[in-house]
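Undergrad: Residue numbers (mature numbering (1 follows the signal peptide of the UniProt record, and there is no 0)): -23 to -1, 1 to 121. All residues carry an ideal CB built from backbone N, CA and C; glycine is no exception. Questions regarding the structure given below will be posed in turn.
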Amino acid sequence: MLEFKNKIIFFLIFEIHILMAEAVDCQKPQVELLDLDRYAGTWYTYERSCGDCTNLTKCSRASWSKPDQNGNSTVIISEFSEISFSLSEVTSKAYIEDNKIINEICVPAVGTVRLEFWILATDYDTYSIVYSCKVDRDKPCVRK
């Protein structure tokens, strides 16, 4: 009998945009090593919190394969755009480097986009808390 393991998951993304003119680097959190074999499955975004993003997508889903012999997982990311009112899907390659997840996505006319993030906590079955940080050197520093 095939057992369906439901992963209606918290895939919480804390994306911090550091808007500073001077060279500032993101803090790298201390995390436990992620087991990509156990992480394989479909994860749904429950909530996203990001500094200056507009959250123009919804119903985000990431389906992770078990890693191959080189440690690479295939991740199929899909989400619904509230601009075009259409569902988009992209396939990426993910792997662990220096205790963080690297997700490489091939974007037409742009090339390979490399995203870095950390899994702060997961029980591999019901939730995953994800953190990423990006230094945005193109925007001026606004202080209040």
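1) Just to confirm, is the Cβ distance from Ile60 to Ala39 under 7 Å?
2) Please identify the residue among Pro85, Ile79, Asp102, Thr99 whose C-alpha is closest to the C-alpha of Arg91.
3) Excluding the five sequence neighbours on either side, which residues of its own chain have a C-beta within less than 7 Å of the C-beta of Ser69, listed in chain order?
4) Using DSSP with H/G/I as helix, E/B as strand and the rest coil, what is Leu97?
5) Any idea if Ser58 is buried or exposed, counting beta-carbon neighbours within 10 angstroms, 16 or more meaning buried?
6) Taking the beta carbon of Thr89 as the centre, do at least 16 other beta carbons fall within 10 Å, making it buried, or is it exposed?
7) Going by C-alpha to C-alpha distance, which of Glu93, Asn49, Arg25 sits closest to Asp12?
8) Between Thr22 and Ser37, is the Cβ-Cβ spacing less than 7 Å?
9) Among Ala98, Asp102, Ile106, which has the Cα closest to the Cα of Glu9?
10) Would you kindly work out how many angstroms separate the C-alpha atoms of Lys43 and Arg15, rounded to a whole number?
11) Assign Val107 to one of two classes, buried (16 or more other C-beta atoms within 10 Å of its C-beta) or exposed (fewer than that).
TA: Straight from the coordinates:
1) no
2) Ile79
3) Val52, Ile54, Asn80, Glu81, Ile82
4) strand
5) exposed
6) exposed
7) With respect to the C-alpha of Asp12, the residue from Glu93, Asn49, Arg25 having the closest C-alpha is Asn49.
8) yes
9) Ala98
10) Whole-angstrom Cα-Cα distance: 8 Å.
11) buried
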